[in-house]
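Chemist:
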Amino acid sequence: MAYSDNLKRSLHIAQAVAHEYRQAQYAAPHLLTALLHNEIGLASWLVAVLDKDIHYLREWAEVRLEDEPKAARPPEMPAP
């Protein structure tokens, strides 16, 4: 299955977020954080087309990220 470049970047960002938070796996809050990353471009679309509050969505994801279990040491590459 071929993945789009934005999807590949989103997965890479989600892994990087999990690594930054010292988490062995990435899940929904990591993916949402990745999708809202400025590099992906979804955030600007949500604001322009759907009039969504991006700051609220980012804060929601951050709260969930902090609730995820932490690893004893940062994993090399967090798994899905």
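Be aware that the sequence shown starts at 3, since it is given in the working numbering, and climbs by one per residue.
Glycine included, every Cβ here is placed at the ideal spot set by N, Cα and C.
1) Less than 8 Å between the beta carbons of P82 and H21, yes or no?
2) Exposed or buried, which one is H14 when buried takes at least 16 other CB atoms within 10 Å?
3) If you scan the segment 48-75 from start to end, which runs of the alpha helix (DSSP H) of 4 or more residues do you find wholly inside it?
4) Would you decide whether Y28 is buried or exposed? Buried here means 16 or more other CB atoms lie within 10 Å of its CB.
5) Let me confirm a value: H57 is counted as buried when at least 16 other C-beta atoms fall within 10 Å, else exposed. Which label applies?
Modeler: Quick look at the numbers:
1) Within the sequence shown, the letter at position 80 stands for residue 82. Within the sequence shown, the letter at position 19 stands for residue 21. No, Cβ-Cβ distance for P82 and H21 is not below 8 Å.
2) Along the sequence shown, read from residue 1 onward, the residue named residue 14 stands at position 12. Counting of Cβ neighbours within 10 angstroms places H14 among the exposed residues, the total staying below 16.
3) 56-69
4) As a working note, residue 28 is residue 26 in the sequence shown. Buried: at least 16 other Cβ atoms inside 10 Å.
5) As a first step, residue 57 is located in the sequence shown; it is residue number 55 there, counting from the start. So H57 ends up on the exposed side.
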